[in-house]
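Engineer:
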Amino acid sequence: MTLSYQTAHFLTSVPNYHLAPEDTGAEVAFAGRSNAGKSSALNSITAQKSLARTSKTPGRTQQLNFFALEPDRYRLVDLPGYGFAKVPQKMKQQWQTNMSEYLQYRQSLRGLILLMDSRLPLTEYDQQMLVWCHSAQLSTHILLTKSDKLKRGPAANALLNTKKKLLDLHPDASIQLFSSLKKTGVDEARQVISRWLR
Ligand code: GDP
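Counting from 670, one number per residue, gives the positions in the sequence shown under my numbering.
(1) Distance check for residue 692 and residue 775, CA to CA, integer angstroms please.
(2) Please report the residue range of the beta strand (DSSP E) in which residue 836 lies.
(3) Would the beta-carbon of residue 753 fall within 8 Å of that of residue 744?
(4) Which residues in the same chain have their Cβ closer than 6 Å to the Cβ of residue 795, if we skip the five residues on either side of it in sequence?
(5) Measuring only from the beta carbon, is residue 826 closer than 7 Å to any heavy atom that is part of the ligand GDP?
(6) Please name the residue in 805, 713, 757 and 707 whose C-alpha comes closest to that of residue 734.
(7) What are the boundary residues of the beta strand (DSSP E) that includes residue 698?
(8) At what residue ranges does the region 754-807 contain a whole run of the alpha helix (DSSP H), taking only runs of 4 or more?
(9) For the ligand GDP, I want to know if residue 817 counts as a neighbour, meaning its beta carbon is within less than 7 Å of at least one of the ligand's heavy atoms.
(10) Report the residue from 851, 683 and 690 whose alpha carbon sits nearest the alpha carbon of residue 777.
(11) Determine the direct distance from the alpha carbon of residue 828 to that of residue 671, and round the result to whole angstroms.
(12) Is residue 814 near the ligand GDP - that is, is its Cβ less than 7 Å away from at least one heavy atom of it?
(13) Measuring straight from C-alpha to C-alpha, what distance separates residue 685 and residue 766?
(14) Suppose you measure from the CA of residue 769 to the CA of residue 739; what does that come to, to the nearest Å?
(15) What residues in its chain sit with their C-beta under 7 Å from that of residue 851, if we drop five residues either side in the sequence?
(16) Going by C-alpha to C-alpha distance, which of 863, 865, 823 and 839 sits closest to residue 846?
(17) What did DSSP end up calling residue 857 once you bin it into helix, strand or coil?
(18) Looking at the structure shown, is residue 713 part of a helix, part of a strand, or coil, going by DSSP?
(19) When the Cα atoms are used, what is the spatial distance from residue 787 to residue 825?
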């Protein structure tokens with residue numbers, strides 16, 4: 670099967686897991702702290718300029734955004750960004766319920782791409798996501814984003830240190846460096862997604 674990332678197109682936005690499209694076929698979800706570079710990564714992986722921009726329109730930031738690939742039984746899902754300092758407690762709780770339900774119950778979910786800024790990996794919510802993914806036995810692949818902002822040595826250290834800490838959180842998770850700006854690691858990320866969806 671050859672997946673066509675370039676033909677990815679917006680399907681729908683929903684406020685919670687219960688309103689998601691029919692749970693058939695296979696999908697891979699993207700999660701990360703807001704500003705981690707999730708929209709840029711989705712655009713790089715699908716080789717499109719503004720696919721993930723819809724998720725940025727006001728009111729949609731807390732939504733799950735679904736994109737169809739071809740063949741159209743395959744989907745990419747842009748999960749709500751997290752970690753806004755000023756978000757009210759009620760909204761944080763809603764995010765927690767939304768995410769944990771989606772990760773636990775979504776049958777068509779094959780894996781999670783977790784994005785973390787390579788200069789600031791493993792925030793509290795990142796750790797929470799990893800623990801949920803591990804307990805749901807969900808395949809997880811980490812993109813350490815904006816790697817162009819680090820020199821080679823510090824980038825290698827970030828990779829190694831994060832890998833070590835993963836042993837306690839989600840020992841089966843894989844990890845790589847990624848830069849949307851330089852297109853570093855785009856093929857590697859596509860290979861992981863294609864392997865999961867197959
Ligand atoms: P999101 O909130 O996780 O969707 O993050 P965005 O994709 O909107 O990116 C947040 C900010 O980081 C924007 O200013 C991007 O231009 C910047 N950014 C994203 N990816 C990269 C990258 O690979 N390298 C650099 N230098 N900046 C990036």
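Idealized CB from N, CA, C, for every residue including glycine. From a predicted model like this one, the values you see are computed outputs, not experimental measurements.
Structural biologist: With the given structure in hand:
(1) 7 Å
(2) Careful: residue 836 lies outside any beta strand (DSSP E), inside the alpha helix (DSSP H) at 821-838.
(3) no
(4) 785
(5) no
(6) 707
(7) 695-701
(8) 758-774 and 793-804
(9) yes
(10) 690
(11) 30 Å
(12) yes
(13) 9 Å
(14) 28 Å
(15) 817
(16) 823
(17) helix
(18) helix
(19) 10 Å
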